[in-house]
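The structure under discussion appears below in the form of structure tokens.
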Amino acid sequence: MNRPGGNIIIITFFLPLCFLLAGGGGGKWELLHENIGIVAMHMQLLRNDRVVIYDRTDFGLSNLSLPAGKCRFDPNDRVLPVDCSAHSVEYDVASNSLRPLTVTTDVWCSSGSVAPNGALVQTGGYNDGDHVVRVFRPCEDGECDWEEMGGGLVQRRWYATNHILPDGRLIVIGGRRAFSYEFYPKAETGDHAYSLRFLVQTNDRYEENNLYPFVFLNVDGNLFVFANNRAILLDYSRNVVLRTFPEMPDGHPRCYPSTGSGVVLPLKNTSSTAATLTAEVLVCGGAPRGAYLNAQNGKFLGALNTCGRIRITDPNPQWEMESMPMARLMGDMVTLPNGEILIINGAASGSAGWEFGRDPVLNPVLYRPDQPVGARFMVLNPSRIPRMYHSTAILIRDGRVLVGGSNVHEAYNFTNVMFPTELRLEAFSPPYLDPTLANKRPVIISPAPNSQFEYGKRFSVRFKLAGGAVNKNLVTVTMVAPSFNTHSFSMNQRLLLLDSLGVKPIGKNGYQIDAVMPGSGSLAPSGYYLLFVVNQDIPSEGIWIHIH
């Protein structure tokens, strides 16, 4: 077995000087649960601070039983036709407790989004689940569970990507042998799937490399779709490709099974018109072309150490390439409340897929997009737990990052394997949560949680600061969409830096900042967001708000 500790020593010792190494403020790891019963293969935070987690139903028995009398009956299941164990759980962040949920059709390698009403809409999966739409409506009484609707999808969706649209609908793009997209809910009876030739063009004959495409809502309401090593701007309402972007300069694939990750960088000046707004996409890591085939033959190629950044609103957009402190595939990119990007989890060689990853990368890396090239990366403190294939990471309301998963086998294997099935759940506290910074951390007083806001409207946030005086030019308001994370991609993830109209003192250690809500659903689709006050890059705890 490879020794992760040895890898970390080599990597950090030979880092170029332009990469900053974390000291005591390099983040903190906390073990939340030794055993949550299932693999955290998919995760979604909901508006009541509960996290829905699920893996797949045809793994065999999980380590968590369903409530008495509940079982899954599937005569076609190759492992267990009758299964009375859970394959989904609800995790309560506040109480650090778990509740088993019942899902009866196979959700393996599926996708999801949070609808404007706050419900998780989950689509597709494997076998009997590949055409199914499932809804989980958050509740406070512990009675809510999955609602499953067979035939909700026109085509089989396995390894597809979802995104919420400005009109509140969900678009489902791609999947294995599905070179198309469709919508949910359907506009009318007979609403069909729409062919997308781009997915055919980016489908590698041997490795595919276009599964779980990276999809982002552009500021003009169209979709940036990245697959393999290429991208387009799609007008989904007319099924027209408006623009073809340059191929990434190194030519390597970044989507499953090469499995890098991608984010849209923080959106600024969000009360402006679309014509004056800019949007940038960052794609990092992955495995070189041929890595999947080589891994099948026992040869594990080194992961990519590059990121590509492109301003997709430019008239002539070009990729700007950067080098990460360490190579990484199967990493997760999490947008933090202060606009920095956390790159976490993954491996240094091999590929995504069963048994194909090697050399865990235990150190998270911070990417600071507003810093100059060469000063954007910071290496943070390592975890002790390898997070390989089928790992996840999401932001939660208090600013920590919830980390779980890792299952590189086709079953629950806990012994006699290189990387045992991982049921532990951790939280990573980024550097801004260091206790020495507590007096600079804002505490939001108002508005009240779950307040309603309208597009383009001015509003006020009152907050306190234990440390007293603030630099008014270093206080901002951000809002973050909760993302659906699986297979190293966070669907619907976006952060908006709201236009500020100034900060003024209110009473002892109190302040008020006036800001403006985003101007349209093309910037922030209707729904629930986490609102933060950020002082000198140190965010408050978030509060849930709803925009419409």
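Taken in order, the sequence shown gives residues -26 to -1, 1 to 522; the numbers are from mature numbering (1 follows the signal peptide of the UniProt record, and there is no 0).
Note that beta-carbon positions come from the ideal geometry of N, C-alpha and C, so glycine has one too.
Bear in mind that the values here come from a model prediction, so they are computed numbers and not experimental data.
Could you round the C-beta distance between residue i and residue j to whole angstroms and report it? I think they count as a contact, below 8 Å.
{"i": "Leu472", "j": "Ala489", "result": "4 Å"}
{"i": "Val77", "j": "Ile10", "result": "About 15 Å; that fails the 8 Å criterion."}
{"i": "Phe33", "j": "Tyr386", "result": "6 Å"}
{"i": "Gly86", "j": "Phe458", "result": "4 Å"}
{"i": "Asn202", "j": "Asn183", "result": "5 Å"}
{"i": "Asp80", "j": "Thr31", "result": "5 Å"}
{"i": "Tyr230", "j": "Tyr180", "result": "Contact flag wrong, Cβ pair sits at about 14 Å."}
{"i": "Glu8", "j": "Ala401", "result": "Rounded, the Cβ-Cβ distance is 14 Å, inconsistent with contact."}
{"i": "Thr366", "j": "Met17", "result": "5 Å"}
{"i": "Ile315", "j": "Asp306", "result": "10 Å between Cβ atoms; not a contact."}
{"i": "Cys58", "j": "Tyr133", "result": "Not quite, the Cβ-Cβ distance comes to about 28 Å (not below 8 Å), so this is no contact."}
{"i": "Ala167", "j": "Gln129", "result": "5 Å"}
Compare the beta carbon distance of residue i and residue j with 8 Å and say whether it is the shorter of the two.
{"i": "Pro356", "j": "Arg350", "result": "no"}
{"i": "Ser420", "j": "Thr450", "result": "no"}
{"i": "Gly1", "j": "Ser380", "result": "no"}
{"i": "Leu19", "j": "Pro456", "result": "yes"}
{"i": "Leu173", "j": "Gly142", "result": "no"}
{"i": "Ile439", "j": "Asn509", "result": "According to the sequence provided, residue 439 is Leu. The question's Ile does not apply to it. Against a cut-off of 8 Å, the Cβ pair of Asn509 and Leu439 comes out as a contact."}
{"i": "Gly234", "j": "Val257", "result": "yes"}
{"i": "Thr244", "j": "Leu497", "result": "yes"}
{"i": "Asn413", "j": "Gly441", "result": "yes"}
{"i": "Val53", "j": "Asp29", "result": "no"}
State the start and end residues of the unbroken alpha helix (DSSP H) segment that holds residue i.
{"i": "Arg171", "result": "Arg171 to Gln175"}
Name the two residues that bound the continuous beta strand (DSSP E) containing residue i.
{"i": "Leu267", "result": "Leu267 -> not in any beta strand (DSSP E); alpha helix (DSSP H) instead, spanning Ala265 to Gln270."}
{"i": "Glu4", "result": "Lys2 to His7"}
{"i": "Pro334", "result": "Gly331 to Pro334"}
{"i": "Ile206", "result": "Arg204 to Asp209"}
{"i": "Leu354", "result": "Premise fails: Leu354 is in no beta strand (DSSP E) and is neither H nor E."}
{"i": "Ser36", "result": "Per DSSP, Ser36 belongs to no beta strand (DSSP E) and is neither H nor E."}
{"i": "Trp120", "result": "Element bounds for Trp120: n/a, residue is neither H nor E."}
{"i": "Gln345", "result": "That residue, Gln345, is in no beta strand (DSSP E); it is neither H nor E in DSSP."}
{"i": "Gln426", "result": "Ser425 to Phe427"}
{"i": "Val53", "result": "Note, Val53: premise wrong, no beta strand (DSSP E); not H, not E."}
{"i": "Thr247", "result": "Per DSSP, Thr247 belongs to no beta strand (DSSP E) and is neither H nor E."}
{"i": "Asn509", "result": "Gly501 to Asn509"}
{"i": "Gln96", "result": "Leu94 to Thr97"}
{"i": "Leu139", "result": "Unbroken run through Leu139: none, as it is neither H nor E."}
{"i": "Asn459", "result": "Phe458 to Thr460"}
{"i": "His16", "result": "His16 to Leu19"}
Tell me which residues share the same chain as residue i and place their Cβ nearer than 7 Å to its Cβ, disregarding the 5 neighbours each side in the sequence.
{"i": "Arg217", "result": "Ile206 and Leu207"}
{"i": "Asn(-25)", "result": "Since pLDDT at Asn(-25) reaches only 34, below the 50 mark, its modelled position is unreliable, and no value is offered."}
{"i": "Gln467", "result": "Val237, Thr309, Ala455 and Ser457"}
{"i": "Tyr210", "result": "Ile145, Tyr155 and Leu197"}
{"i": "Phe(-13)", "result": "For Phe(-13), the predicted structure reports a pLDDT of 39, less than 50, and the residue's modelled location is therefore unreliable. A value from the coordinates is still provided. Within the same chain, Phe(-13) has no close Cβ partners at all."}
{"i": "Val95", "result": "Gly86, Ser87, Ala89, Val107, Val109, Leu144 and Tyr158"}
{"i": "Asn70", "result": "Leu6"}
Buried or exposed for residue i, please, with buried defined as at least 16 other CB atoms from any protein chain shown within 10 angstroms of its CB.
{"i": "Met465", "result": "buried"}
{"i": "Gly125", "result": "exposed"}
{"i": "Lys446", "result": "exposed"}
{"i": "Ser325", "result": "buried"}
{"i": "Arg415", "result": "buried"}
Given residue i, which residues of its chain have a CB within under 6 Å of its CB, disregarding the five upstream and five downstream residues?
{"i": "Asn424", "result": "Trp518"}
{"i": "Gly282", "result": "Met222, Val257, Trp293 and Met295"}
By Cβ distance below 8 Å, which residues in the same chain neighbour residue i in space, the five residues on each side in sequence not counted?
{"i": "Gln292", "result": "Pro220 and Ile284"}
{"i": "Ile368", "result": "Met17, Gln18, Leu19, Val25, Val308, Val375, Leu376, Pro456, Ser457, Asn459 and Ser464"}
{"i": "Pro513", "result": "Leu310, Pro311, Asn312, Gly373, Tyr406, Arg415, Pro416, Thr452, Phe506 and Val507"}
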